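Colleague: In case it helps, the numbering used here puts the sequence shown at residues 21 to 479.
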Amino acid sequence: MPVKILLVSINRCRNPYPVFPLGISHITGALRKNGFDVKVIDMGFQDRDLEPVLRDFNPDYVGLSLRNIDDVRIDKTQFFVPELCETVKRVKDVSGAGLILGGSAFSLFPEELLEMTGADYGLMGEAEGSIITLLEVLSGSHGESLSALEKVPGLIYRQGNIVRKNAPAAFPSSEISIPCRIPEIAGYYLKSSGMLNIQTQRGCPFTCCYCTYPLIEGKRARFRPARSVAEDVEDAVRSGAEYLFIVDSAFNTSNDHVAGICEEFLKLKVKFEWGCFLRPCNLTQDLMALMARAGLKHIEFGSDSFCDSVLESYGKNFTFDDILSSSEMARKEKIHYSHFLIVGGPGETEDTLRKSFENSTMLKKTVIFPFTGMRIYPGTPLYAHALKEKYISEPVNLLEPLFYISPYLTKERIAGILSEFHQRSCRWAVEDITPEQAKVMESLRERGIKGPLWEFLAG
């Protein structure tokens, strides 16, 4: 009999819209390919199914994936760890299955979450390969011997009163297979958000001071073969998707990679549109035109600031001139584009905020999403900066959300300045969408409009 494993996606966050659980879908595909019997529950809409599936399926192991610790919002913060702990309790009340934790959020706080939940094992980093190795060890004739467990990449586990951690290993990009898009789950996200998602690369070589991508996926970009990504797109379209979002931390880590993917997209006989995150630098008009021909409709620029001194403090390695140039390239190709800013980080002052607003007036036909404060995560340059500045001191509990605000500002002062910016330009989207806007967006979905829809927020 094959080993049975139930995978549970904990994520219930719906802001700004529900996001398809791509990571757990890749793991499902890898497990099924290797002969494991797998079922998946998405707690975003299948919460009531947990206990019945546990009883009926009777899994040998339950894997719980935590995508986010919180929603990275300084006000009305949603903290998702209690939902993980509650789900673990519900599993234990019904099943004696071994419990395995994973997901990007778990990878940032593995010891704390293993201790809080009482789970048996945890897997840090990419788990397509390591979960198969772990299950083979646990179900093999040699059982969970110490020597065997030591060979599982990224495994965190207990040996008596000692918690041990194995170094994670980067999963080869050439082995990333097409995720298993379960029809019921894919259908829910297509109805509620109008899109599915794909990933074309892993790892991040950039030096943004707050970012956790290099900690979770590594500091070297690893690119999937363009043909493999195209096959992934074909599968998503067969699942009903007409719009896809590329979830890479920055799609344009390599212009050659972007061009290769777009050339493969143009060869496909299926119809779809797509969006992506881009760094607003090192782009060319020819590349932007190629992306437009390949179906690109929305760009979310990770600009973070429109002030050069703040960009330097944030470790961004580009300037506002780069941002302006990149925006103009997108506008000329009739691609919708928005800018995401983090205000109040290292080096931010009232003067730099006003410089950002002044510069924003040069940007045409865009939406600007400013977020106040930087979430502090262990192991990031921001963490080291906050220690040096005595903003925090060790030991510090960073599992519960803690945000950095520049010593030259306060959260309240930033809120007042952003409100002023919004009054002067409605393109600065500083509040949650209104009920009226939500109704408009719902109407657009009903009319078959796909994609993020933020372009309708601009005046």
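Where a beta carbon is used, it is the ideal one built from N, C-alpha and C, also for glycine. All values derive from a computational prediction rather than experimental measurement.
1. Leaving aside the five residues before and after Ala309 along the sequence, list all residues of the same chain whose C-beta is less than 8 Å from its C-beta, in chain order.
2. Would the region 120 to 130 count as touching the region 224 to 236 if we require 3 or more Cβ pairs under 8 Å?
3. Work out the CA separation of Leu429 and Leu407 for me, nearest whole Å.
4. Tyr141 and Tyr230: beta carbons closer than 9 Å?
5. So for His162, helix, strand or coil by DSSP?
6. Looking only at DSSP bridge pairs, what is Val416 linked to?
7. Using a 10 Å radius around the Cβ and a threshold of 16 neighbouring Cβ atoms, would you call Gln443 buried or exposed?
8. I'd like the span of the alpha helix (DSSP H) that includes Glu102, first residue to last.
9. With respect to the alpha helix (DSSP H) encompassing Phe285, which residues constitute its N-terminal and C-terminal limits?
10. Going by Cα to Cα distance, which pick from Thr369, Ile61 and Ser346 is closest to Thr304?
11. Please list the terminal residues of the continuous alpha helix (DSSP H) segment that includes Glu475.
12. Taking only runs of the beta strand (DSSP E) that begin and end inside the region 66 to 100, which ones reach a length of at least 3 residues, in chain order?
13. Assuming Leu51 contacts Ile152 under a Cβ cut-off of 8 Å, what Cβ separation, rounded to an integer in Å, is found between them?
14. How would you label Met21, buried or exposed, when you count the other beta carbons within 10 angstroms and need 16 or more for buried?
15. Nearest to Ser426 by alpha carbon, out of Glu170, Thr369, Phe297 and Ile198?
16. Which residues in the same chain have their Cβ closer than 8 Å to the Cβ of Arg110, if we skip the five residues on either side of it in sequence?
17. For the alpha helix (DSSP H) containing Asp306, list its first residue and its last residue.
18. For Glu293, list the residues DSSP reports as bridge partners.
19. Out of Arg244, Gly214, Ile343 and Phe56, state which residue places its alpha-carbon closest to the alpha-carbon of Met461.
20. According to DSSP, which residues form a beta bridge with Ile25?
21. Alpha carbon to alpha carbon, how far is Ile47 from Ser323?
Modeller: Quick look at the numbers:
1. Glu353
2. yes
3. 18 Å
4. no
5. Annotation note: pLDDT 48 at His162 (below 50); position unreliable, no value reported.
6. None, per the DSSP bridge assignment.
7. exposed
8. Per the sequence shown, residue 102 should be read as Pro rather than Glu. Per DSSP, Pro102 belongs to the alpha helix (DSSP H) from Val101 to Val114.
9. Asn275 to Lys287
10. Ser346
11. Element bounds for Glu475: n/a, residue is neither H nor E.
12. 81 to 85
13. 7 Å
14. exposed
15. Thr369
16. Leu70 and Glu71
17. Gln305 to Arg313
18. Tyr263
19. Gly214
20. Val58 and Tyr81
21. 32 Å
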